[in-house]
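The next block holds one structure in the form of C-alpha cells; read it before the comments.
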Amino acid sequence: MTQTFQFPNGFLWGGSVSANQIEGAYLEDGKGLSIQDIMPNGIQTPPTIEPTEDNMKLIAIDFYHRYKEDIKLLAEMGFKVFRMSIAWSRIFPKGDELEPNEKGLQFYDNLFDECRKYGIEPLVTISHYETPLHLVREYDGWANRKMVGFYERYVRTIFDRYKDKVKYWLTFNEINSILEHPFASGGINTHKDQLSKQALYQAVHHEFVASALAVKIGHEINPEFKIGCMVIAMPIYPLTPDPNDMIKVMEADHKNTGFTDVHVRGYYPGYMKRYLKDNGITIHFEPGDEEILKNTVDFISFSYYQSSCETADPAKQIKGEGNLIGGVPNPLLTASDWGWQIDPKV
C-alpha cells in the first residue's frame with residue numbers, strides 16, 4: 001500500500017531568487033552599483049574590474065522589465081511564497097544618502113502588488129550579497145560601524161513603505177558566510193588572507209546589531225511582521241571515529257550555531273565567548289548594543305547545499321571542489337556536477 005503525504009493547510013511552498021541574480025537593469029532608474037556588478041564570475045574576493053555591457057550578469061533574465069510575466073509563471077507552478085530580495089542600491093544608490101530613490105521603491109511596490117494579485121506571499125531578504133559598492137570603497141563595508149546606521153535607514157525606509165504588502169522578512173542572506181567570504185557577504189574590501197580575525201568578528205558583531213535593530217524597528221512599525229535570520233546550514237560529520245575528529249565537528253558547528261544562537265537567544269553563547277577569548281578577539285560593544293541584541297528573531301531560515309566532514313588529521317584536510325564553507329568531502333557520498341555531496345537522509 002502506497003502512503004501519500006499532503007502539505008498542511010497554510011504551508012508556504014515556493015522558490016527563491018535574489019535581486020542580483022535576476023533583475024538586470026543594473027543602472028536603470030537611478031540604481032547604483034553594488035558589489036555584484038563587479039563580480040561577473042561569482043568572484044568571492046575583492047576584484048579590480050569594473051562593470052561592462054559585456055557582462056551578462058548585468059542583464060540576467062531581465063526580471064526588472066519582465067516581472068509580470070515571470071510572476072504569472074510562478075503562479076502557474078502553484079507558488080504560495082516567493083522568496084526574493086530587494087537591491088539595496090536600487091533604494092539607496094550609494095548607500096549613505098539621506099533620501100531614497102523613489103523609482104526603486106516604486107518598482108518593488110509594483111512587484112509586491114503583482115505577487116498579491118496571484119495570492120503569492122513575498123518573503124523578502126533585506127540584504128542578499130549586494131552591498132552598495134560605494135559603501136565598500138568608502139567605508140570598507142561591515143568592518144565599519146557606520147554601516148549599522150546606513151542599514152537602519154534603509155530598513156526603516158522599506159519597512160515603512162511595504163508594511164501593508166510584506167509580512168515575512170529576512171535580515172541578511174546566509175549571514176554566517178561572512179566567515180568564509182567576507183567580501184561577498186560583508187562587503188569587506190580586504191582580501192581574506194590579509195583580514196584579521198579581530199576585524200572579521202567585529203564586522204560580524206556589526207551585522208548582529210544591525211539585524212537585531214531591524215527586528216526591533218520592524219515590530220514597532222508592524223507588530224504582525226515575522227522577521228527571521230538566514231544561515232547556511234550544512235550538516236557536518238566526523239571523517240573517522242577519532243574523538244579529535246568529533247571535536248573538529250563541534251568547532252565547525254559552533255561557527256554556524258553561534259550565528260543562530262545570537263539571533264534567537266539575544267546574546268553571545270558561552271562557547272562563542274570562549275572562541276573569541278582563545279583567539280585574542282575582543283568585540284567592541286557600543287553603549288546599548290547588549291540591549292539591542294535582545295530583539296530576537298521570529299524564525300530561523302536556512303539554505304542546504306550539501307553535507308561535509310571534518311578531520312583533525314592535517315594530511316586529510318583537503319578541501320573539495322564544492323565545499324563552500326570549509327570541511328572535506330564525504331568519501332561515502334557521490335557529488336553533484338557542482339562538487340556537492342548531497343545527503344538525502346539529512
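Sequence positions in the sequence shown follow the numbering used here and run 1 to 346.
Where a beta carbon is used, it is the ideal one built from N, C-alpha and C, also for glycine.
All values reported here derive from a predicted model rather than from experimental measurement.
{"Query": "Exposed or buried, what is PHE82 when buried is set at 16 or more other beta-carbons lying within 10 Å of its beta-carbon?", "Result": "buried"}
{"Query": "Using only the alpha-carbon positions, how far apart do PRO51 and GLN106 sit?", "Result": "25 Å"}
{"Query": "Decide if TRP13 is buried, meaning its Cβ has at least 16 other Cβ atoms within 10 Å, or exposed.", "Result": "exposed"}
{"Query": "In chain order, what residues of the same chain lie with their CB nearer than 8 Å to the CB of GLU28, ignoring the 5 residues before and after it?", "Result": "TYR64"}
{"Query": "Near ASN295, what residues of its chain come up, given a Cβ to Cβ distance below 8 Å and the 5 sequence neighbours on each side ignored?", "Result": "ALA212, LEU213, VAL215, LYS216, HIS219, GLY266"}
{"Query": "Looking at C-alpha atoms only, which residue of GLN194, THR157, SER127 is the closest neighbour of SER177?", "Result": "SER127"}
{"Query": "Name the DSSP beta bridge partners of GLY186, please?", "Result": "According to DSSP, GLY186 bridges with nothing at all."}
{"Query": "I'd like to know whether the C-beta atoms of ASN256 and TYR129 end up nearer to each other than 8 Å.", "Result": "no"}
{"Query": "By the DSSP assignment, the beta strand (DSSP E) with MET77 in it spans what residues?", "Result": "Run containing MET77: none; DSSP gives neither H nor E here."}
{"Query": "Can you give the Cα-Cα distance for ALA203 and GLN6, rounded to whole angstroms?", "Result": "43 Å"}
{"Query": "List the endpoints of the continuous alpha helix (DSSP H) containing LEU213.", "Result": "197 to 221"}
{"Query": "Are at least three pairs of beta-carbons, each pair with one atom in the segment 86 to 100 and one in the segment 150 to 157, less than 8 Å apart?", "Result": "yes"}
{"Query": "At 3 residues or longer, what runs of the beta strand (DSSP E) sit wholly inside the segment 71 to 135?", "Result": "81 to 85, 121 to 127"}
{"Query": "Using DSSP bridges, identify the partner residues of TYR168.", "Result": "LEU123, LYS226"}
{"Query": "Under the three-state reduction of DSSP, which class applies to ILE236: helix, strand or coil?", "Result": "strand"}
{"Query": "By alpha-carbon positions, which one of LYS68, LEU170, ILE188, PHE112 ends up nearest to MET147?", "Result": "ILE188"}
{"Query": "Per DSSP, what kind of secondary structure is ILE300 in: helix, strand or coil?", "Result": "strand"}
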